[in-house]
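K.L.:
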Amino acid sequence: MNRYFFATLLFWLLSLLSATAQENPRYYVNKQAIDSLGVEYITIHASQQFLSDKVRVELEYGQLNKSLASSETRISDVNGREVVFNSLLEVLNLLARQGYEYVDSFIDPFSNDGKTLKFLLKKLK
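So this is what it looks like as structure tokens:
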């Protein structure tokens with residue numbers, strides 16, 4: 005009886021821990037967690053991946069960008085791998101979970117193809 009109770013309790017606790025760990029994973033830009041950047045506004049640049057329906061995103065918050073170092077502006081996971089998104093809505097939902105809200109969007113007039121969207125987001129207080 006005690007074994008059954010202990011095994012059930014252990015299973016329940018492990019399930020609870022794994023569920024909370026998957027709820028809100030951390031995402032990074034320039035090796036800093038997005039939810040703790042310490043800035044009020046950010047912009048994201050969204051462009052379609054070549055020959056794909058996936059979306060690539062770069063995030064700027066005022067960091068110093070070296071030329072040809074776009075990996076510093078790409079959103080990455082906890083392992084440092086770039087995150088590629090299925091849609092723009094997925095990006096906005098992720099950033100909402102990180103504490104940001106949508107303010108405005110516009111086409112980047114300085115992009116090479118004229119199709120790069122920029123989004124302005126504000127940190128919720």
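Sequential numbering of the sequence shown, starting at 5, is according to the working numbering. Cβ coordinates follow ideal geometry from the N, Cα and C atoms, glycine included. All of these numbers come straight from a predicted model, not from anything done at the bench.
Just verifying my parser: in three-state terms, what is the DSSP assignment at residue 109?
P.N.:
Mapped onto the sequence shown, residue 109 falls at position 105. Three-state result, residue 109: strand.
K.L.:
Measure the Cβ-Cβ separation of residue 125 and residue 32 and say whether it is below 8 Å.
P.N.:
Translated into positions along the sequence shown, residue 125 becomes position 121. Translated into positions along the sequence shown, residue 32 becomes position 28. Contact: no.
K.L.:
From residue 80 to residue 88, what distance separates their C-alpha atoms?
P.N.:
Residue 80 sits at position 76 when you count from the first residue of the sequence shown. Residue 88 sits at position 84 when you count from the first residue of the sequence shown. Cα-Cα distance, rounded: 9 Å.
K.L.:
From residue 121 to residue 7, what distance separates their C-alpha atoms?
P.N.:
Here residue 121 is taken as the residue at index 117 of the sequence shown, counted from 1. Here residue 7 is taken as the residue at index 3 of the sequence shown, counted from 1. Using only the alpha carbons, I get a separation of about 58 Å.
K.L.:
In angstroms, rounded to a whole number, what distance separates the CA positions of residue 149 and residue 123?
P.N.:
Here the chain covers residues 5 to 129 and nothing more, so residue 149 does not appear.
K.L.:
Pick out whichever of 76, 60 and 115 has its Cα sitting closest to the Cα of residue 67.
P.N.:
Position 63 of the sequence shown holds residue 67. Nearest of 76, 60 and 115 to residue 67, Cα basis: 76.
K.L.:
Could you check what DSSP says for residue 93 in three-state terms: helix, strand or coil?
P.N.:
Here residue 93 refers to the residue found at position 89 when the sequence shown is read from its first residue. If DSSP states are grouped into helix, strand and coil, residue 93 belongs with the helices.
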